[in-house]
Amino acid sequence: MKIIVPMAGRGSRLRPHSLTVPKPLIPVAGMPIVHRLVRDIAALLDEPITEVAFVLGDPAFFGPEAVSALEALARDLGAKPSIYRQLDPKGTGHAIMCAAPSLEGPAVV
49 MKIIVPMAGR GSRLRPHSLT VPKPLIPVAG MPIVHRLVRD IAALLDEPIT
99 EVAFVLGDPA FFGPEAVSAL EALARDLGAK PSIYRQLDPK GTGHAIMCAA
149 PSLEGPAVV
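Residue 72 in my numbering sits at position 24 of the sequence shown; the count goes up by one each step and never skips.
Set out below in structure tokens:
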């Protein structure tokens, strides 16, 4: 089973917190939002997670530190991390299309 996480937005409604940290990486109750989301989804599934695909926005905002943290999250679940970029903010559907190589087979978005 794969998990696809579209998270390319800038988190404008969470400012000023999201000015320096991408919204999905902002800690809530001691854990980044995206970590809680992915771990909760994995716990609900009856199948092992084989891949976690993250769709990120502008590399200037979602830089190497963010990518490393997300890759580590996937590996902690025993899954292959995949990073895709949505450089043009065209909505959630487009973000999912950016992860097209990971959409083959069962997936949770």
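Beta carbons: idealized from backbone N, C-alpha and C, even for Gly.
This one's a predicted model, so the numbers in the text were calculated from it and none came from an experiment.
Paired residues, beta bridge with residue i - DSSP
i	result
residue 119	According to DSSP, which records beta bridges pairwise, residue 119 is partnered with nothing at all.
residue 79	76
residue 96	Bridge partners of residue 96: none, in fact.
residue 86	None; residue 86 has no bridge partner.
residue 128	99
As assigned by DSSP and simplified to three states, the class of residue i
i	result
residue 21	Nothing can be reported for residue 21: it is not among the residues displayed for the chain, which extend from 49 to 157.
residue 104	strand
residue 133	strand
residue 155	strand
residue 54	strand
residue 63	coil
residue 91	helix
residue 149	helix
residue 70	coil
Proximity below 8 Å, CB of residue i to CB of residue j
i	j	result
residue 52	residue 131	no
residue 112	residue 119	no
residue 154	residue 49	yes
residue 69	residue 121	no
residue 127	residue 97	yes
Supposed contact pair residue j and residue i - C-beta distance, whole angstroms, cut 8 Å
i	j	result
residue 146	residue 82	With 8 Å as the limit, residue 146 and residue 82 do not qualify as a contact, their Cβ atoms being about 17 Å apart.
residue 157	residue 125	Actually they do not touch by this definition, with Cβ atoms about 17 Å apart.
residue 73	residue 106	14 Å between Cβ atoms; not a contact.
residue 56	residue 137	7 Å
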